[in-house]
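Working notes, beginning with the structure itself.
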Amino acid sequence: MQLRAEPKRTYGLVVGIERYHEAGWNVPGGGQAEDALRFARWLRACGVPKENIRLCLSSLAENEHLVGECVLTVESATEQNLYDIVTNFLSLQSGDLLYIFWAGHGLISAERERRLICADATKQSWLNLDLNSLLLLLGSDRFGIRHHVCIIACGGTKWSRMLILQRV
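First residue of the sequence shown? That's 1343 in my numbering, and the numbers climb one at a time after it.
What follows is the structure, encoded as structure tokens:
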């Protein structure tokens, strides 16, 4: 597949979660925030305007220095914030290409639904994004960014690394 995308018409939702509200789910040593920061830097190096990149992080205390070095605005990786970005920012854009980069926990439900666990999840409330529903939205006529690359890097599930290319 050959795809041409103007950098100014390219968008990114970049998520790195290594610290969860449920502390037992934290990722020892981290790495997810650094991976997300590296991906966001790559988007910037490709000419994507910083206002087109939404960077959502939840880093461990020992990795906070990495966040402080970032030139992009860092937002929370909570369910509500991620939902707002998708519905109130990305859904309103018109563009050539959307990159979604997710580094954090995920799971597959008994019904085979793929879920991405948000930073504010707890044992009582597994706040998450439904990846299947998100992909349906991206492919619908209601979404104005026509091409999508989703990179899901998640450990502890049957799908530890997943690359989803979606073309409408």
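A virtual CB, placed ideally from N, CA and C, is assigned to each residue, including glycine.
- Of the other Cβ atoms in all chains shown, 16 or more fall within 10 Å of the Cβ of residue 1352; this residue is therefore buried.
- DSSP places residue 1346 outside any beta strand (DSSP E), giving it a letter other than H or E.
- Boundaries of the beta strand (DSSP E) around residue 1443: 1436-1445.
- Taking C-beta atoms under 8 Å as the contact rule, residue 1405 and residue 1360 qualify, at a distance of about 7 Å.
- When secondary structure is reduced to three states using DSSP, residue 1390 falls in the coil class, being assigned neither helix nor strand.
- Note that the region 1478-1492 does not touch the region 1383-1401; fewer than 3 beta-carbon pairs, one per stretch, sit closer than 8 Å.
- Annotation: residue 1434 to residue 1426 spans about 11 Å, alpha carbon to alpha carbon.
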